[in-house]
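Peer 1: Pasting a structure below so you can have a look.
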Amino acid sequence: MSELKIEIITIGKELLDGRTVNSNAAFISAHLFRFGYAVERHTTFPDDLQILKEGLKEAQQRSELVIITGGLGPTLDDLTRRVVAEVFNCKLSVNALVATDLQKRFGKELDTLQDQATIPEKAQPLLNSVGTAPGLLFSTNDKIVVCFPGVPEEMQPMFVNTFLPILQKRHPPLHKYIVCLYACFFQESQINPMLKELQTQLPELEIGIYPSYSNVTIMLSSENKASLEYAEKLLKTQLDSFLYTATTGKIEEAIHSWFIQEKKTLVLAESCTGGTMASLLTAIKGASEFFLGSFVTYSSDLKQHILDVPKEILETKGAVSAECVLAMLNGALEKSQADVGLAISGIAGPTSDSSNQKIGTMWAAIQEKGNSPYVFRLQITGDRQTIILKTAYSLFGILWRKLAKNIPPPFTSL
Numbered sequence: 004m005s006e007l008k009i010e011i012i013t014i015g016k017e018l019l020d021g022r023t024v025n026s027n028a029a030f031i032s033a034h035l036f037r038f039g040y041a042v043e044r045h046t047t048f049p050d051d052l053q054i055l056k057e058g059l060k061e062a063q064q065r066s067e068l069v070i071i072t073g074g075l076g077p078t079l080d081d082l083t084r085r086v087v088a089e090v091f092n093c094k095l096s097v098n099a100l101v102a103t104d105l106q107k108r109f110g111k112e113l114d115t116l117q118d119q120a121t122i123p124e125k126a127q128p129l130l131n132s133v134g135t136a137p138g139l140l141f142s143t144n145d146k147i148v149v150c151f152p153g154v155p156e157e158m159q160p161m162f163v164n165t166f167l168p169i170l171q172k173r174h175p176p177l178h179k180y181i182v183c184l185y186a187c188f189f190q191e192s193q194i195n196p197m198l199k200e201l202q203t204q205l206p207e208l209e210i211g212i213y214p215s216y217s218n219v220t221i222m223l224s225s226e227n228k229a230s231l232e233y234a235e236k237l238l239k240t241q242l243d244s245f246l247y248t249a250t251t252g253k254i255e256e257a258i259h260s261w262f263i264q265e266k267k268t269l270v271l272a273e274s275c276t277g278g279t280m281a282s283l284l285t286a287i288k289g290a291s292e293f294f295l296g297s298f299v300t301y302s303s304d305l306k307q308h309i310l311d312v313p314k315e316i317l318e319t320k321g322a323v324s325a326e327c328v329l330a331m332l333n334g335a336l337e338k339s340q341a342d343v344g345l346a347i348s349g350i351a352g353p354t355s356d357s358s359n360q361k362i363g364t365m366w367a368a369i370q371e372k373g374n375s376p377y378v379f380r381l382q383i384t385g386d387r388q389t390i391i392l393k394t395a396y397s398l399f400g401i402l403w404r405k406l407a408k409n410i411p412p413p414f415t416s417l
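In the numbering used here, the protein residues as written are 4 to 417.
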């Protein structure tokens, strides 16, 4: 069985000019990959009737499955129903199934009922469990075109619950084994030579490497289970000090799991990150089982009055210094009685402070109860928001490696 050629078309000028992030294409591609399908092409078109018609016709020629999102609503720029009706040479008419569903959920008074129930006659409607615009499914012997609403909250359940079962029945995917490895405090360049050598050894192995602020994801897939297991074992051995386990792939989930398992507590003292680290931790359900809180002491006055940082340190060494973060750490641990503490103070930009240190200079401190503290410096690049996020995730990676692997921070100053 050969792989199905799949193309995703997303519609909307807001996607082309950057006002809206194209999350639909990412969601669909990720779910298809998870179920054994590979997308060959992403295309985005403006809300233009002629461009859409030409684009859909071209997509049909090169792809066996064309997935369209957007343009199914009742407004003037929603052109998808009209386009697919013209391409498939059929009329638009009120569909009784859709009309009944909309009446049942919204009542006969729904202003857009007649319009939203009007679909191309050759289309099989996919009912919308959230909104009003139904999906549209066109199929011939060897081609499928399916249209979804552009609103992610409407598209996602329709795609997963309604369309995926249809696709799996009509076009069972090639069986592939998939493994995802997650590495923290790690750069893509560190693994590229290793992956190139692995690809040479196992040409049937598909390797993807996806860096982000939070981690590096290494995705391996193959129809050959033995090859995949060999590659997984090799990488786990060579990258052991960087790899963590998390169902979501998030390093903060790995930290969460470690603290729950060890039955220990964590406190933070944040300056330049402004509570970002606390926000990321508390976004995961159950954080209250280990996370006591964060002292967000952005100003020197609060560092002094909340965390008892000596005035002399602030005046002579500055807020961005080894001495300051150590004092912040001591204050946070003393007031919270946590088992583990982490403190951070730095310069996120766009300008430096009175010390004239380089933008992106970060000082941090970590300590486990009963052990000596680690105080270290990081140099982070990017704009202000990027620096803040990179700092938060770098510290999560350093913290996890210290706790789970007993690997000290990269540079110790005291």
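Beta carbons are placed, not taken as given, at the ideal position from N, Cα and C, and that holds for glycine.
Can you have a look at T415 and say buried or exposed, based on whether 16 or more other CB atoms are within 10 angstroms of its CB?
Peer 2: The predicted position of T415 is uncertain, since its pLDDT is 46 and thus under 50; a value taken from the coordinates is nonetheless stated next. It counts as exposed.
Peer 1: Using only the alpha-carbon positions, how far apart do V90 and R44 sit?
Peer 2: Their Cα atoms are separated by approximately 20 Å.
Peer 1: Quick one: Cα of S217 to Cα of E191, how far?
Peer 2: Roughly 12 Å separates the two Cα atoms.
Peer 1: Just to confirm before moving on: does the CB-CB distance between G76 and T13 stay below 7 Å?
Peer 2: It is not a contact, given that the beta carbons lie outside the stated cut-off.
Peer 1: Using CA atoms only, rank isn't needed, just tell me which of K60, N131, Q159 is closest to N92.
Peer 2: Looking at the Cα atoms, K60 is the closest of the given residues.
Peer 1: For L82, which residues of its own chain have a beta-carbon under 7 Å away from its beta-carbon, when the five flanking residues on both sides are left out?
Peer 2: If we look at L82 and ignore the five residues flanking it on each side, its Cβ neighbours are D50, L52, L55, G74.
Peer 1: Let me know if L139 comes out buried or exposed under the rule of 16 or more other beta-carbons within 10 Å of its beta-carbon.
Peer 2: When all chains shown are included, L139 counts as buried.
Peer 1: Can you tell me whether D104 is buried or exposed, with buried defined as 16 or more other CB within 10 angstroms of its CB?
Peer 2: It counts as buried.
Peer 1: Does the region 262-274 come close enough to the region 319-338 to have 3 or more Cβ pairs within less than 8 Å?
Peer 2: Short answer: they touch.
Peer 1: Do three or more CB pairs link the region 397-410 to the region 237-253 at distances below 8 Å?
Peer 2: In short, these stretches touch, since the Cβ pair count reaches three.
Peer 1: What did DSSP end up calling Y301 once you bin it into helix, strand or coil?
Peer 2: Y301 falls in the coil class under three-state DSSP.
Peer 1: For the 8 Å Cβ check, are there 3 or more pairs between the region 117-125 and the region 95-109?
Peer 2: With the cut-off at 8 Å, the region 117-125 and the region 95-109 touch.
Peer 1: Select from K320, K146, G334, G153 the residue whose C-alpha is nearest the C-alpha of D311.
Peer 2: Nearest option by C-alpha distance: G334.
Peer 1: Buried or exposed: L79, going by 16 or more other Cβ atoms within 10 Å of its Cβ?
Peer 2: Burial call: exposed.
Peer 1: Under the three-state reduction of DSSP, which class applies to S32: helix, strand or coil?
Peer 2: If DSSP states are grouped into helix, strand and coil, S32 belongs with the helices.
Peer 1: Rounding to the nearest angstrom, what Cα-Cα distance links L68 and P155 in this structure?
Peer 2: Cα to Cα, the separation comes out at about 20 Å.
Peer 1: Run through the region 95-177 for me and flag every whole alpha helix (DSSP H) of 4 or more residues, listed as ranges in chain order.
Peer 2: Listed in chain order, they are 99-109, 116-119, 155-160, 167-173.
Peer 1: Measuring CB to CB, does V299 end up less than 7 Å from W366?
Peer 2: Result no, Cβ atoms of V299 and W366 do not sit closer than 7 Å.
Peer 1: Do you know how far the Cα of E318 is from the Cα of M161?
Peer 2: Taking the straight line joining both Cα atoms gives about 60 Å.
Peer 1: Does the beta-carbon of K253 have 16 or more other beta-carbons within 10 angstroms, so that it is buried, or is it exposed?
Peer 2: The residue in question, K253, is buried, as its Cβ has 16 or more Cβ neighbours within 10 Å.
Peer 1: Could you pull out every residue in the same chain whose Cβ sits closer than 8 Å to the Cβ of M4, ignoring the five residues on either side in sequence?
Peer 2: With a pLDDT of only 39 at M4, under the threshold of 50, the placement of this residue in the model should not be trusted; the figure read from the coordinates follows. Closer than 8 Å at the Cβ level, and outside the excluded window around M4, lie P175, L177.
Peer 1: If we count the other Cβ atoms within 10 Å of its Cβ and call it buried at 16 or more, is A346 buried or exposed?
Peer 2: A346 is buried by the Cβ-count criterion.
Peer 1: Assign S324 to one of three DSSP states: helix, strand, or coil.
Peer 2: The answer is coil: DSSP assigns S324 none of H, G, I, E or B.
Peer 1: In terms of alpha-carbon separation, which member of E200, P196, L336, L129 lies closest to P168?
Peer 2: Selected option, being the one with the closest Cα: L129.
Peer 1: If you reduce the DSSP assignment to three classes, tell me which class P214 lands in.
Peer 2: Residue state, collapsed to three classes: strand.
Peer 1: Rounded to a whole number of angstroms, what is the C-alpha to C-alpha distance between A407 and D243?
Peer 2: Answer to the nearest angstrom: the Cα atoms are 11 Å apart.
Peer 1: Among I362, Q360, I350, F399, which residue has its Cα nearest to the Cα of I369?
Peer 2: Ranking the options by Cα distance to I369, first place goes to F399.
Peer 1: Secondary structure at Q64, three-state DSSP: helix, strand or coil?
Peer 2: The answer is helix: DSSP assigns Q64 an H, G or I state.
Peer 1: Which class does R84 belong to by DSSP, given the choice of helix, strand or coil?
Peer 2: Helix.
Peer 1: Taking the continuous alpha helix (DSSP H) assigned at F399, which residues delimit it?
Peer 2: From DSSP, the alpha helix (DSSP H) with F399 extends over 387-408.
Peer 1: Compare the C-alpha of Q117 against each of S132, P137, Q127, P313 and name the closest.
Peer 2: Among S132, P137, Q127, P313, the Cα nearest to that of Q117 belongs to P137.
Peer 1: For D342, count the other beta carbons within 10 Å of its own beta carbon; 16 or more makes it buried, fewer makes it exposed. Which is it?
Peer 2: The residue in question, D342, is buried, as its Cβ has 16 or more Cβ neighbours within 10 Å.
Peer 1: Using the C-alpha atoms, what's the distance from T279 back to I71?
Peer 2: Distance between the alpha carbons of I71 and T279: 36 Å.
Peer 1: Let me know the secondary structure DSSP gives T220 once reduced to three states.
Peer 2: Strand, per DSSP.
Peer 1: Excluding the 5 residues flanking G58 on each side, which residues of the same chain have their C-beta closer than 8 Å to its C-beta?
Peer 2: So the list reads I12, T46, F48, once near-sequence residues are dropped.
Peer 1: Go through the region 325-367 residue by residue and report every complete run of the beta strand (DSSP E) that reaches 3 residues or more, in order.
Peer 2: The region 325-367 contains these whole beta strand (DSSP E) runs: 343-349.
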